[in-house]
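Read through the structure below, which is laid out as structure tokens, and then see the notes.
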Amino acid sequence: MRTLADRLIGIFISLRLTVILLAFAILLVFIGTLAQVDEGLYNAQARYFRQWLIFGLDLFGRKIPIILPGGYLIGTLMLANLIAAHIYRFQLSAKKIGIQLIHAGVIILLVGQLATDMLSHETQMRFTEGETKSYSESPRNYELIFSSDDGANSEQVVSIPEKLLARGGEMKIDNLPFTIRVKKFWKNSEPSFRAPMMQNGPPLTTNGIAVSFDFRPLAETKTMDDKNVPTALIEIIGVNGSLGDWMISGWASDEAMIRALQLNYSQQMGTQMAENITSHLTAPQFVSADGKLFKFTLRPTRIYHPFSLTLLQATHSVYPGTDIPKDFRSRVRLQNLQTGENREVEIYMNSPLRYAGLTFYQYQMDAGEATQQTGRAPSSVLQVVRNPGWITPYLGCILVAAGLVTQFMFHLIGFISKRKTK
Amino acid sequence: MKNIFQKWFPPLLMFILALWFFGKLHTPADKDFAFSAFGQLPIVFNGRVQPMDSLARNSLLQLREKQTLNLEPWKDWNGKPKIISATEWLANVTMNPVAADAWPVFRVDNPELITLLKLPSKNKVEHQDGKYYSWNQIAPSLAAFDNENQRIEKIESAHRNAYENAVIKMHERLVLYVRLKNTIQPSGAEDWWGELNDYEKLIPSGVVAVRAQQAGQKFDEDVLSHFTAFVQEFDRMNTFEPPLIIPPDSGINWTRTGDALLNAMRDGKIDPSIKTYATMAGAFKTGDVKNFNQAVVDYRATLVPGFAKELQKARREVFFNQMEPFYNAMVIYVLAGLLACFSWFNLSETLRRSAVWLIALAFVIHTAGLIFRMALEGRPPVTNLYSSAIFIGWGAVVLGMILEKFYKNGIGAVVSSGIGFLTLIIAHHLALEGDTMEMMRAVLDTNFWLATHVVAVTTGYASTFVAGFLGIVYVVLGVFTKRLTTTLSPDRATGFGFTVGGVAGALVAKRSTELGDNFGKTISRMVYGIICFATLFSFVGTVLGGIWADQSWGRFWGWDPKENGALIIVLWNVLILHLRWGGMIRERGLICCAIGGNIVTSWSWFGVNMLGIGLHSYGFTDSAFKWLLLFVASQLGFILLGSLPLKMWRSFQAKDKP
Chain Z
13 MRTLADRLIG IFISLRLTVI LLAFAILLVF IGTLAQVDEG LYNAQARYFR
63 QWLIFGLDLF GRKIPIILPG GYLIGTLMLA NLIAAHIYRF QLSAKKIGIQ
113 LIHAGVIILL VGQLATDMLS HETQMRFTEG ETKSYSESPR NYELIFSSDD
163 GANSEQVVSI PEKLLARGGE MKIDNLPFTI RVKKFWKNSE PSFRAPMMQN
213 GPPLTTNGIA VSFDFRPLAE TKTMDDKNVP TALIEIIGVN GSLGDWMISG
263 WASDEAMIRA LQLNYSQQMG TQMAENITSH LTAPQFVSAD GKLFKFTLRP
313 TRIYHPFSLT LLQATHSVYP GTDIPKDFRS RVRLQNLQTG ENREVEIYMN
363 SPLRYAGLTF YQYQMDAGEA TQQTGRAPSS VLQVVRNPGW ITPYLGCILV
413 AAGLVTQFMF HLIGFISKRK TK
Chain H
2 MKNIFQKWFP PLLMFILALW FFGKLHTPAD KDFAFSAFGQ LPIVFNGRVQ
52 PMDSLARNSL LQLREKQTLN LEPWKDWNGK PKIISATEWL ANVTMNPVAA
102 DAWPVFRVDN PELITLLKLP SKNKVEHQDG KYYSWNQIAP SLAAFDNENQ
152 RIEKIESAHR NAYENAVIKM HERLVLYVRL KNTIQPSGAE DWWGELNDYE
202 KLIPSGVVAV RAQQAGQKFD EDVLSHFTAF VQEFDRMNTF EPPLIIPPDS
252 GINWTRTGDA LLNAMRDGKI DPSIKTYATM AGAFKTGDVK NFNQAVVDYR
302 ATLVPGFAKE LQKARREVFF NQMEPFYNAM VIYVLAGLLA CFSWFNLSET
352 LRRSAVWLIA LAFVIHTAGL IFRMALEGRP PVTNLYSSAI FIGWGAVVLG
402 MILEKFYKNG IGAVVSSGIG FLTLIIAHHL ALEGDTMEMM RAVLDTNFWL
452 ATHVVAVTTG YASTFVAGFL GIVYVVLGVF TKRLTTTLSP DRATGFGFTV
502 GGVAGALVAK RSTELGDNFG KTISRMVYGI ICFATLFSFV GTVLGGIWAD
552 QSWGRFWGWD PKENGALIIV LWNVLILHLR WGGMIRERGL ICCAIGGNIV
602 TSWSWFGVNM LGIGLHSYGF TDSAFKWLLL FVASQLGFIL LGSLPLKMWR
652 SFQAKDKP
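Residue numbers (the numbering used here), protein chains in the order written: chain Z, 13 to 434; chain H, 2 to 659.
As structure tokens, then:
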């Protein structure tokens, strides 16, 4: 009688499982590609690949009720299958060395991708020429920051992630002498200027930026190019009751969005006026409680680094007479007080800077002739990636390629020199 | 007598076609206007130096999908419609637009678009063919068209329907046309030479007036208004972003006519190139052949000292355009394929040999074109979808020819001419998108990755196709003939093996025959071997692509449609190998799966580009999608055929069951 364990092992080392998993993987990748047409890359990825189980498909505007294994499930099972087969069938013989190499390589690739998926994170560093930054910002997530100056050069900062705000309700945060009640939260929103002399409705609240700006909710965006900019209406409640309602919005602190907004306004009414209007939006908001003044803002989540980068020059050149980009290039000064480093680095397409476990890639750029004409200061955005698993594809690729070549050559030579047995 | 005919007919046929091809290389002498010399003038467009001739041909391809212009499209072929060269057309657009505006140069297929533009339908008496229309016919409906275009531009490209795509395409065509009209002179210019002189005289007083106005002092209002009118006109020329035709005084930056005229304000003098072009335009408009030709010669002479390299490149590219290597090779491939097919019916050895000779000729032209293109661009063979088709076709022809060399039964000839024709016609249609030698975007501008990732992936695609087509051969031979059960002679087996799998294939096939395998078994061994090979290359190519992405964007894998397509090919090949190893499929299962590889590969190569999303989407038309579906259906048909019970296969019917 085979025990249950034996049977389980039997399943996990079987080729049949491999084949079924491969077939599902093909199906999943195909569906995940088609789904991008409607849902956009990011959502399709989240829905099909970074998922254990998929309940129901939406393809070409039609619903298909079906349950499929997601990318995580397939990947994990493949890994289990490979490792189990590896352990149980392992034999160190010249004949099998190719297979061992291939499978080891695939394991490294799979583990590496899983690690990348779980551990890597991408942030962005955005600066205009001459600006120095020692932090990078999340491209998607926001945080609500309360900071208070004690006057003695020390700043107390409390951060509340967007996720908590999205849940709504009241929250009491340590180190803050008040409670926050989220009255409204919009994952994506749009601001509109409450122009004087216009027929405006009543403001959302009478404090801070809401006096000159209205916000309205937008549907969540799904494309890669757009991002969700959250806005919330919060009430701050002190020990002795409400301190008032405020609007907090990503539009008021996210440099990328402010720049976009300014550009939009300046096309309608000129640069001067646009700057004037947006300054109403970016004006800091304060609340005073327990004898202290707290500044608060909803800004892209920051990650601070122990070094700084200064953008010296942003170059964007195009092929003459076209908009086809020829070169994007940021010359930056890297300064690290701890190590005493102070050097210039050039970051351009296909040539990132790897430093302190991070990789800096040239991502976006607002420079070159078009920028000059509008009088904007040249600026550059670097994609900052921390990916501890970045080396795994290189390793996996070498192992698999070597394994495939060995295995096929072995087979080939074996077959050619095979004796006629019959 | 008959023997001599049989022996010499094939080389003679090849010789005749070679003559035909070389005849096309020779440029016909210009009858009056020196259009060929005009076509060789270097300009900068699409970010690269190219001859006027390339601009003319690529523009016509975009506007009407042909490299020449038929002025009387309503006439049948036997009605001898008047056809003019691309350069002659471009000369008219840039220098005598009144004539060009009346020529039927815009191809409009979509019926809804025809209605929107209020275009006449087919009517021979009124000289309408219902397909090609002139600027003058379209112009009255431009306002309505603009509204519609603005609405559609807001729709994401993946969600547009056929009509909406047609509108967007028409908009591109109209913009291109206006762009060309503003290349040498403003599109509405009556007397360009006169205008230029007026402007040059006005510059000193005009600049003074502008400065005075800015400083709030008194100025001559008449001069100012006159001067600003000029400036506005030149500015308007620039907004259409016409080609850059004015060579730099020093440095490397060519300029547009409009820009160069605005620059003239600084030193008060108009660039001599603008004036020479104006002389050409004036002479051309009035039909003054002598002065036009003289102006072209003069202009070339001024370029010789500083722009010898550009002139040479332009001349070479004109030669390449004239050669049309891929189009001509395609024509010869068709002819060869037909001969090879006929040779099957009457089993004529002469016809088969003729086909082989013709393929050899076409192959030489194909290769020459490939090398010429690489030299012109200074790049590895594959830089875009267009060149990938040419390259894959080239590789397939080599394989087919080797097969034919050893096997001498017409199969190799049909395979190579068939794939050669197919890939070149695909390339021909891809060329309709415009310049096929466009500059590489910043991220693609690396010969290292183009030479490694792109070549590896393309090889992976090609070998998956080879396995698939071999599978089709197996199914067709098995179901309809008794060939599969025959045993090959070791020589033939070697040749066959070499064709499909190189040296390794030859060794395997020879050994397989020596072991007593029949032909069917040998094919399936080959298919298996090629799938192994395809797995290696598609895997390495795909991972290299990931590493390239990691180098440039910081993400190894992004689930981009093209990446996914490549991944599916890898997974499919791996799946087949595991099915085989697990004994879940045998000979016929392997063959059917290999044919399935054709579907998977065509999806990755073209299908994903039709989704209109992702980093690798190059834009594609709806009609291509129809062809893809047809191809997929045909492959499913072969798989179905391959799944018939063995007793319905002629090869396995009677005597020995395998």
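Even for Gly, the Cβ is constructed at its ideal location relative to N, Cα and C. Computed from a predicted model, the values in this text were never measured in an experiment.
- request: Indicate whether at least one CB of chain Z lies closer than 8 Å to the CB of L537 of chain H.
  value: In the second sequence, counting from the first residue as 1, residue 537 of chain H sits at position 536. Judged by the 8 Å Cβ criterion, L537 of chain H is in contact with chain Z.
Residues that G333 of chain Z bridges to, as DSSP identifies them: Looking up residue 333 of chain Z in the first sequence gives position 321. The partner list for G333 of chain Z (beta bridge, DSSP) is empty, contrary to what the question assumes.
query: Helix or strand or just coil, what does DSSP make of T183 of chain Z?
result: Residue mapping note: residue 183 of chain Z aligns to position 171 of the first sequence, counting from 1. Position check: residue 183 of chain Z holds Met in this sequence, whereas Thr was assumed. Of the three classes helix, strand and coil, the one that applies to M183 of chain Z here is strand, per DSSP.
task: May I ask which residues mark the beginning and end of the beta strand (DSSP E) holding T135 of chain Z?
output: Here residue 135 of chain Z is taken as the residue at index 123 of the first sequence, counted from 1. Where T135 of chain Z is concerned, the enclosing beta strand (DSSP E) stretches over 133-140.
Alpha helix (DSSP H) segment containing E311 of chain H, residue limits: Locating residue 311 of chain H in the second sequence gives position 310, counting from the first residue. 309-324 is the span of the alpha helix (DSSP H), which, as asked, contains E311 of chain H.
query: Around the C-beta of E232 of chain Z, are 16 or more other C-beta atoms found within 10 angstroms, so that it is buried, or is it exposed?
result: By one-based count along the first sequence, residue 232 of chain Z stands at place 220. It is exposed - the Cβ of E232 of chain Z has fewer than 16 other Cβ atoms within 10 Å.
message: Can you pull the chain H neighbours of M130 of chain Z, defined as C-beta to C-beta under 7 Å?
response: For the purposes of this step, residue 130 of chain Z is taken as the residue at position 118 of the first sequence. Ordered by position in chain H, no residue passes the 7 Å Cβ test against M130 of chain Z, which lies about 14 Å from the chain.
message: Strictly by DSSP, which residues pair up with L245 of chain H?
response: Within the second sequence, the letter at position 244 stands for residue 245 of chain H. Partner(s): H:V45.
Buried versus exposed, by CB contacts within 10 Å (16 or more), E434 of chain H: Reading the second sequence from its first residue, position 433 is the one you call residue 434 of chain H. So E434 of chain H ends up on the buried side.
- prompt: Relative to the alpha-carbon of N137 of chain H, which residue among H:M527, H:P98, H:N162, H:A567 has its alpha-carbon at the smallest distance?
  reply: As a first step, residue 137 of chain H must be located in the second sequence, where it is residue number 136. Cα-wise, what sits closest to N137 of chain H is H:P98.
- prompt: Can you give the beta carbon distance from S363 of chain Z to D378 of chain Z, rounded, assuming they're within the 8 Å contact cut?
  reply: For the purposes of this step, residue 363 of chain Z is taken as residue 351 along the first sequence, with counting starting at 1. For the purposes of this step, residue 378 of chain Z is taken as residue 366 along the first sequence, with counting starting at 1. So it is not a contact: roughly 20 Å between Cβ atoms.
field: One or two residues paired with V232 of chain H in a DSSP bridge
entry: Here residue 232 of chain H corresponds to residue number 231 of the second sequence, with the count starting at 1. BP columns for V232 of chain H are empty, so no partner.
- prompt: Taking all protein chains shown into account, do 16 or more other C-beta atoms lie within 10 angstroms of the C-beta of L641 of chain H, making it buried, or fewer, making it exposed?
  reply: On the second sequence, position 640 is the one that residue 641 of chain H refers to. Classification for L641 of chain H: exposed.
- prompt: Got a sec: is the Cβ-Cβ distance from D33 of chain H to anything in chain Z below 8 Å?
  reply: As a position in the second sequence, residue 33 of chain H is number 32, starting the count at 1. Not an interface residue.
Members of the segment 305-336 of chain Z that neighbour chain H once the beta carbon cut-off is set at 7 Å: Y331, P332, G333, T334, I336
- prompt: Would you call G44 of chain Z buried or exposed, if buried means 16 or more other Cβ atoms sit within 10 Å of its Cβ?
  reply: On the first sequence, residue 44 of chain Z is found 32 positions in, with the first residue counted as 1. Under this definition G44 of chain Z is a buried residue.
- request: Could you tell me whether the Cβ of S618 of chain H comes closer than 8 Å to any Cβ of chain Z?
  value: Position 617 of the second sequence holds residue 618 of chain H. The predicted position of S618 of chain H is uncertain, since its pLDDT is 43 and thus under 50; a value taken from the coordinates is nonetheless stated next. Not closer than 8 Å to any Cβ of chain Z, the Cβ of S618 of chain H fails to qualify, so no.
message: Since F420 of chain Z and C533 of chain H should fall inside the 8 Å C-beta cutoff, what is the C-beta to C-beta distance between them, to a whole number of angstroms?
response: In the first sequence, residue 420 of chain Z corresponds to position 408, counting from 1. In the second sequence, residue 533 of chain H corresponds to position 532, counting from 1. The pair is a contact, with the Cβ atoms about 5 Å apart (cut-off 8 Å).
- request: Pick helix, strand or coil for N137 of chain H, following the three-state DSSP scheme.
  value: Within the second sequence, numbered from 1, the residue matching residue 137 of chain H stands at position 136. Helix at N137 of chain H.
Coarse secondary structure for R59 of chain Z, derived from DSSP in three states: Start at 1 with the first residue of the first sequence, and residue 59 of chain Z comes out as number 47. It is helical.
message: Determine whether the beta carbon atoms of Y331 of chain Z and G379 of chain H lie at a separation below 8 Å.
response: Here residue 331 of chain Z refers to the residue found at position 319 when the first sequence is read from its first residue. Here residue 379 of chain H refers to the residue found at position 378 when the second sequence is read from its first residue. Not in contact: Y331 of chain Z and G379 of chain H (Cβ atoms no closer than 8 Å).
- request: Would you tell me roughly how many angstroms separate the C-alpha atoms of L27 of chain Z and L230 of chain Z, rounded to the nearest one?
  value: Taking the first residue of the first sequence as position 1, residue 27 of chain Z is located at position 15. Taking the first residue of the first sequence as position 1, residue 230 of chain Z is located at position 218. Rounded to whole angstroms, L27 of chain Z to L230 of chain Z spans 49 Å at the Cα level.
- request: Give the DSSP-derived three-state secondary structure of N71 of chain H in the structure shown.
  value: Taking the second sequence and counting its residues from 1, the one referred to as residue 71 of chain H is at position 70. Taken through DSSP and simplified to helix, strand or coil, N71 of chain H comes out as strand.
- prompt: Is it true that the CB of P203 of chain Z sits closer than 8 Å to the CB of S261 of chain Z?
  reply: Taking the first residue of the first sequence as position 1, residue 261 of chain Z is located at position 249. Taking the first residue of the first sequence as position 1, residue 203 of chain Z is located at position 191. Yes.
Simplified DSSP state of H317 of chain Z, which is helix, strand or coil: Position 305 of the first sequence holds residue 317 of chain Z. H317 of chain Z: strand per DSSP, three-state reduction.
field: Where M361 of chain Z falls: helix, strand or coil (DSSP)
entry: Position 349 of the first sequence, counted from the first residue, corresponds to residue 361 of chain Z. The three-state reading of DSSP puts M361 of chain Z in coil, since its state is none of H, G, I, E or B.
- prompt: Expressed to the nearest angstrom, what Euclidean distance is found between the alpha-carbon atoms of G68 of chain Z and L612 of chain H?
  reply: Translated into positions along the first sequence, residue 68 of chain Z becomes position 56. Translated into positions along the second sequence, residue 612 of chain H becomes position 611. The straight-line gap from Cα to Cα measures roughly 22 Å.
query: Should the segment 212-224 of chain H be regarded as contacting the segment 290-305 of chain H, the criterion being three or more beta carbon pairs within less than 8 Å?
result: no
Limits of the unbroken beta strand (DSSP E) element including P77 of chain Z: Mapped onto the first sequence, residue 77 of chain Z falls at position 65. Where P77 of chain Z is concerned, the enclosing beta strand (DSSP E) stretches over 74-81.
- prompt: Is P296 of chain Z close to chain H, meaning its C-beta is less than 8 Å from at least one C-beta of that chain?
  reply: As a position in the first sequence, residue 296 of chain Z is number 284, starting the count at 1. With 8 Å as the cut-off, P296 of chain Z does not count as an interface residue toward chain H.
task: May I have the straight-line CA-CA distance separating T15 of chain Z from F607 of chain H, to the nearest angstrom?
output: Position 3 of the first sequence, counting from 1, holds the residue named residue 15 of chain Z. Position 606 of the second sequence, counting from 1, holds the residue named residue 607 of chain H. If you take the alpha carbons of T15 of chain Z and F607 of chain H, they lie about 50 Å apart.
field: Against chain Z: residues of the segment 558-579 of chain H by CB proximity under 8 Å
entry: W558, G559, W560, D561, P562, N565, G566, L568, I569, L572, W573, V575, L576, H579
- prompt: Which first and last residues belong to the beta strand (DSSP E) in which P121 of chain H is found?
  reply: On the second sequence, residue 121 of chain H is found 120 positions in, with the first residue counted as 1. That residue, P121 of chain H, is in no beta strand (DSSP E); it is neither H nor E in DSSP.
query: Which chain H residues sit within Cβ distance under 9 Å of G44 of chain Z?
result: Here residue 44 of chain Z corresponds to residue number 32 of the first sequence, with the count starting at 1. Neighbours of G44 of chain Z in chain H, taken as residues whose beta carbon is under 9 Å from its own, are W560, N565 in chain order.
query: Could you give the distance in angstroms between the alpha-carbon of F36 of chain H and the alpha-carbon of R301 of chain H?
result: What you label residue 36 of chain H is simply residue 35 of the second sequence in a count that begins at 1. What you label residue 301 of chain H is simply residue 300 of the second sequence in a count that begins at 1. C-alpha separation (whole angstroms): 13 Å.
Residues within the segment 387-412 of chain Z neighbouring chain H, beta-carbon criterion of under 9 Å: Q395, V396, V397, N399, G401, W402, T404, P405, Y406, G408, C409, V412
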